[in-house]
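Structure first, commentary second.
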Amino acid sequence: MKYLCLICAEKVMEQMPRADADKHFEEYQAFTDAIRASGHYLGCNRLLPPDAAITVRVRDGRISVTDGPWVETKEQLGGYYLVEARDLNEAIQVAARIPGARFGCVEVRPVAQDLQTLRALGFETQDANC
Amino acid sequence: MVDRDAASDTGQQPSAAAVRGKVEEIYRTESRRVFATLIRLLGDFDLAEEGLHDAFRAALEQWPQQGLPANPRSWLVSAGRFKAVDALRRRARFEFVEDLDDRPDPASEGAADGDNPGDGVEDDRLRLIFTCCHPALSAEAQIALTLREVCGLTTEEIARAFLVAPPTLAQRIVRAKARIRDARIPYEVPERAELPARLDSVLRVIYLVFNEGYSASVGDTLTRAELSAEAIRLGRLLVDLIPEPEALGLLALMLIHESRRLARSTPSGDLVLLDEQDRSQWQRGLIAEGTALVERALVAGPAGPYALQAAIAAVHAEAPTAAGTDWVQIVGLYDLLLQREPSPVVELNRAVAMAMRDGAAAGLAAIDAILVRGELADYHLAHAARADLCRRLGRNAEARVSYQRALTLTMQAPERRFLERRLTELAA
Chain A
1 MKYLCLICAE
11 KVMEQMPRAD
21 ADKHFEEYQA
31 FTDAIRASGH
41 YLGCNRLLPP
51 DAAITVRVRD
61 GRISVTDGPW
71 VETKEQLGGY
81 YLVEARDLNE
91 AIQVAARIPG
101 ARFGCVEVRP
111 VAQDLQTLRA
121 LGFETQDANC
Chain B
1 MVDRDAASDT
11 GQQPSAAAVR
21 GKVEEIYRTE
31 SRRVFATLIR
41 LLGDFDLAEE
51 GLHDAFRAAL
61 EQWPQQGLPA
71 NPRSWLVSAG
81 RFKAVDALRR
91 RARFEFVEDL
101 DDRPDPASEG
111 AADGDNPGDG
121 VEDDRLRLIF
131 TCCHPALSAE
141 AQIALTLREV
151 CGLTTEEIAR
161 AFLVAPPTLA
171 QRIVRAKARI
181 RDARIPYEVP
191 ERAELPARLD
201 SVLRVIYLVF
211 NEGYSASVGD
221 TLTRAELSAE
231 AIRLGRLLVD
241 LIPEPEALGL
251 LALMLIHESR
261 RLARSTPSGD
271 LVLLDEQDRS
281 QWQRGLIAEG
291 TALVERALVA
301 GPAGPYALQA
311 AIAAVHAEAP
321 TAAGTDWVQI
331 VGLYDLLLQR
341 EPSPVVELNR
351 AVAMAMRDGA
361 AAGLAAIDAI
371 LVRGELADYH
381 LAHAARADLC
391 RRLGRNAEAR
401 VSYQRALTLT
411 MQAPERRFLE
421 RRLTELAA
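Chains as they are written, first to last, in our numbering: chain A, 1 to 130; chain B, 1 to 428.
In structure tokens, the structure reads:
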């Protein structure tokens, strides 16, 4: 089973004091090395701060864009890990080790793996690593 | 489980695929044992789960080159413990260090156990069952933990079987494990003196799991049949490890119920009552095994509630027809059961058996006596049983009222269809 772990926190790296951010990067490196070694790792990325975001909508065939993220919350999406785990509880255990979980929170979302989805996304087999 | 292509390209090793298959087989047969031992060695469920995962991961990487170890389980326990301790040390750099001091020091403890895990492995499985069924946990948590940690089912599978949302079930498991840790619930088989009470809670969890799979009325019937199979597997394990009379009795009861699974519903899922079942469909092998276990339980000591229920089920199972059943013996067994465990539901069953032994009128009087006390007023089976006896006595108007009362009280679709069918027959 695949799970997407969305990391949300009040501050992203760019908003932290330099020393704190350096330490945080180090923690992420250790965590990512560990889940690569354990085989849980499928993919991950850090996102630039929400002030770099653009929100896109199409209404009546016309594109409209607005600055910023499409939801206003105190906590912002800072990055994600896509992990492979035996079940939801194993995914929770992996998510709990994400450094950001100690400052913000991590939302764990099961990845849809039904046939219709896999076909629509062009994955030929269930094993496709998206 | 252990995943993907760690063992894929080892070049000159032609047996890589074979080794991989072997690892998967060992995962199926041994992973819960290895896990149980790792919990004892590491003192923590989550750490043990990580260690288990890493050990199988390492096996996939190393066994294709190095060959299968002489004792795979021993290898996995050692690897799992080593990996977990290593991970803990690395993590301690960033996390609260006192966390580490809280745990028993895995490195210093019981090296001999890891080197020779053949010793006490079955005790570890028993420890795991008793911990998962600890009375400090709610019944729901006990069931979820037992199925996940002892049987190895996934959170999603358990959630589907119990018609609960996976996040709800996942939280139940996380909280139960936190409770085990916070309340410092010891990872041990209870002392002899404590055993009967603690065993009760284990037997109850196993029987609940079985019934959840047996009274299939809602949800995915296939998943539910698997729950019964898991319960029987647990029952067998328990009988192997602690052959207490009630453990024998529970396994016997489950096997004899299971023997009737095919006969108790039509292909379209309609309910078939015991007296109308095609007895040639009963699985004789399961009945023979169950009956032998009942006999062992009954000679082992004063019969407990599971052994008595199993004995009743065995008498039914041995009868050639409903009419040819030894009802005298069945009523007698219900009397013993009532002495051990007074309950209006048992009384109701005794009344139905009495109707077969002494006639419908005697049974009806007994049921009315229970209903008058009000205890089973909202229990649909009490009204259904009453209706059935009225029907047999030709008191159709009374039968109709009771069937209707039963119908308003049950939500189970097959039961509803059964009651509706009886009502239609009465009208005809």
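Quick reminder that beta carbons are idealized off the backbone N, C-alpha and C, glycines included.
All values derive from a computational prediction rather than experimental measurement.
Distance check for residue j and residue i, CA to CA, integer angstroms please.
{"i": "glutamine 404(B)", "j": "leucine 273(B)", "result": "18 Å"}
{"i": "aspartate 5(B)", "j": "glutamate 107(A)", "result": "Here the model assigns aspartate 5(B) a pLDDT of 44, short of 50, so the residue's position is not dependable, and the following value carries that caveat. So the alpha carbons of these two residues sit roughly 28 Å apart."}
{"i": "isoleucine 143(B)", "j": "serine 64(A)", "result": "52 Å"}
{"i": "glycine 39(A)", "j": "alanine 310(B)", "result": "47 Å"}
{"i": "alanine 107(B)", "j": "valine 85(B)", "result": "Low local confidence applies: a pLDDT of 45 at alanine 107(B) is under 50, so the model's placement there is unreliable, and no value is given."}
{"i": "alanine 128(A)", "j": "isoleucine 256(B)", "result": "Reliability of the predicted coordinates at alanine 128(A) is poor, the pLDDT of 46 falling under 50, and the value obtained from them is presented with this limitation in mind. Distance between the alpha carbons of alanine 128(A) and isoleucine 256(B): 45 Å."}
{"i": "leucine 293(B)", "j": "alanine 353(B)", "result": "23 Å"}
{"i": "alanine 288(B)", "j": "valine 202(B)", "result": "25 Å"}
{"i": "glutamine 339(B)", "j": "alanine 197(B)", "result": "19 Å"}
{"i": "alanine 231(B)", "j": "alanine 397(B)", "result": "43 Å"}
{"i": "arginine 180(A)", "j": "tyrosine 80(A)", "result": "Past the edges of chain A, shown from 1 to 130, lies residue 180(A), and the structure says nothing about it."}
{"i": "glutamate 156(B)", "j": "aspartate 114(A)", "result": "14 Å"}
{"i": "leucine 47(A)", "j": "serine 259(B)", "result": "58 Å"}
{"i": "alanine 425(B)", "j": "alanine 399(B)", "result": "Per the sequence shown, the amino acid found at residue 425(B) is glutamate instead of alanine. Roughly 11 Å between the two C-alpha positions."}
{"i": "threonine 37(B)", "j": "arginine 93(B)", "result": "27 Å"}
{"i": "glutamate 188(B)", "j": "arginine 279(B)", "result": "44 Å"}
{"i": "glutamate 148(B)", "j": "leucine 47(B)", "result": "Reading off the sequence shown, one finds arginine at residue 148(B), where the question assumed glutamate. So the alpha carbons of these two residues sit roughly 15 Å apart."}
{"i": "glutamine 159(B)", "j": "alanine 34(A)", "result": "According to the sequence shown, residue 159(B) is alanine rather than glutamine. So the alpha carbons of these two residues sit roughly 29 Å apart."}
{"i": "glycine 80(B)", "j": "alanine 55(B)", "result": "5 Å"}
{"i": "valine 209(B)", "j": "aspartate 44(B)", "result": "25 Å"}
{"i": "lysine 177(B)", "j": "glycine 363(B)", "result": "49 Å"}
{"i": "leucine 253(B)", "j": "arginine 357(B)", "result": "23 Å"}
{"i": "arginine 36(A)", "j": "aspartate 124(B)", "result": "31 Å"}
{"i": "alanine 53(A)", "j": "asparagine 45(A)", "result": "15 Å"}
{"i": "serine 447(B)", "j": "glutamate 26(A)", "result": "Because chain B is modelled from 1 through 428, residue 447(B) falls outside the range shown and cannot be assessed."}
{"i": "leucine 262(B)", "j": "alanine 314(B)", "result": "17 Å"}
Report the partner residues of residue i according to the DSSP bridge assignment.
{"i": "arginine 62(A)", "result": "Arg59(A)"}
{"i": "lysine 2(A)", "result": "Glu84(A)"}
{"i": "cysteine 8(A)", "result": "Leu77(A), Cys105(A)"}
{"i": "asparagine 349(B)", "result": "Paired residues: none, contrary to the question."}
{"i": "arginine 46(A)", "result": "Gly79(A)"}
{"i": "tyrosine 28(A)", "result": "Answer by DSSP bridge pairing: none, since tyrosine 28(A) is not bridged."}
{"i": "proline 110(A)", "result": "Tyr3(A)"}
{"i": "aspartate 67(A)", "result": "Ile54(A)"}
{"i": "tyrosine 27(B)", "result": "None, per the DSSP bridge assignment."}
{"i": "tyrosine 41(A)", "result": "Val83(A)"}
Would you decide whether residue i is buried or exposed? Buried here means 16 or more other CB atoms lie within 10 Å of its CB.
{"i": "lysine 74(A)", "result": "exposed"}
{"i": "glutamine 93(A)", "result": "buried"}
{"i": "isoleucine 26(B)", "result": "buried"}
{"i": "valine 83(A)", "result": "buried"}
{"i": "valine 2(B)", "result": "Low per-residue confidence applies at valine 2(B): pLDDT is 46, beneath 50, and the placement is therefore not dependable enough to give any value."}
{"i": "arginine 89(B)", "result": "exposed"}
{"i": "glycine 213(B)", "result": "buried"}
{"i": "aspartate 182(B)", "result": "exposed"}
{"i": "valine 58(A)", "result": "exposed"}
{"i": "alanine 59(B)", "result": "buried"}
{"i": "proline 320(B)", "result": "exposed"}
{"i": "glutamine 66(B)", "result": "exposed"}
{"i": "alanine 112(A)", "result": "exposed"}
Can you round the beta-carbon distance between residue i and residue j to whole angstroms, since I take them to be within the 8 Å contact cut?
{"i": "threonine 410(B)", "j": "arginine 417(B)", "result": "The pair is not a contact, with the Cβ atoms about 10 Å apart (cut-off 8 Å)."}
{"i": "isoleucine 206(B)", "j": "threonine 131(B)", "result": "About 15 Å separates the two Cβ atoms, so there is no contact after all."}
{"i": "histidine 380(B)", "j": "alanine 406(B)", "result": "4 Å"}
{"i": "isoleucine 370(B)", "j": "glutamate 347(B)", "result": "5 Å"}
{"i": "proline 243(B)", "j": "glycine 301(B)", "result": "12 Å between Cβ atoms; not a contact."}
{"i": "alanine 91(A)", "j": "tyrosine 3(A)", "result": "4 Å"}
{"i": "leucine 88(A)", "j": "alanine 170(B)", "result": "4 Å"}
{"i": "leucine 234(B)", "j": "cysteine 133(B)", "result": "About 10 Å separates the two Cβ atoms, so there is no contact after all."}
{"i": "isoleucine 312(B)", "j": "leucine 298(B)", "result": "Going by Cβ atoms, the distance from isoleucine 312(B) to leucine 298(B) rounds to 12 Å, so no, they are not a contact pair."}
{"i": "arginine 386(B)", "j": "isoleucine 367(B)", "result": "5 Å"}
{"i": "arginine 73(B)", "j": "arginine 127(B)", "result": "At roughly 16 Å, the Cβ-Cβ gap does not stay under 8 Å, so arginine 73(B) and arginine 127(B) are not in contact."}
{"i": "proline 64(B)", "j": "serine 138(B)", "result": "Not quite, the Cβ-Cβ distance comes to about 45 Å (not below 8 Å), so this is no contact."}
{"i": "alanine 303(B)", "j": "leucine 250(B)", "result": "Contact doesn't hold; Cβ gap of about 12 Å is too wide."}
{"i": "proline 414(B)", "j": "glycine 269(B)", "result": "6 Å"}
{"i": "leucine 376(B)", "j": "proline 344(B)", "result": "5 Å"}
{"i": "glycine 122(A)", "j": "cysteine 8(A)", "result": "Not quite, the Cβ-Cβ distance comes to about 29 Å (not below 8 Å), so this is no contact."}
{"i": "alanine 442(B)", "j": "aspartate 275(B)", "result": "No statement about residue 442(B) is possible, as the shown extent of chain B runs from 1 to 428 and does not include it."}
Is there at least one Cβ from chain C nearer than 9 Å to residue i's Cβ?
{"i": "methionine 1(A)", "result": "No chain C is part of this structure, whose protein chains are labelled A and B."}
At a cut-off of 8 Å, is residue i close to the ligand GTP when judged by its beta-carbon and the heavy atoms of the ligand?
{"i": "lysine 74(A)", "result": "For the ligand GTP, the structure offers nothing, since it holds no ligand at all."}
**Message:** For a minimum of 3 consecutive residues, which ranges assigned as the beta strand (DSSP E) are wholly contained in the stretch 216 to 283 of chain B?
**Reply:** Runs of the beta strand (DSSP E) lying entirely within the stretch 216 to 283 of chain B, each at least 3 residues long, are absent.
**Request:** Note down, one range per segment and in chain order, each alpha helix (DSSP H) of at least 4 residues found wholly within the stretch 349 to 422 of chain B.
**Result:** Segments of the alpha helix (DSSP H) lying fully in the stretch 349 to 422 of chain B: 360 to 372, 380 to 392, 396 to 409.
**Item:** Length-filtered (4 minimum) alpha helix (DSSP H) runs lying within the stretch 148 to 211 of chain B
**Value:** For the stretch 148 to 211 of chain B, whole alpha helix (DSSP H) runs of length 4 or above, ordered along the chain, are 155 to 161, 166 to 182.
**Prompt:** Where in the stretch 56 to 92 of chain B do unbroken runs of the alpha helix (DSSP H), each at least 4 residues long, occur, reported from the N-terminal end onward?
**Reply:** At a cut-off of 4 residues, the continuous stretches assigned as alpha helix (DSSP H) that sit fully inside the stretch 56 to 92 of chain B are 72 to 92.
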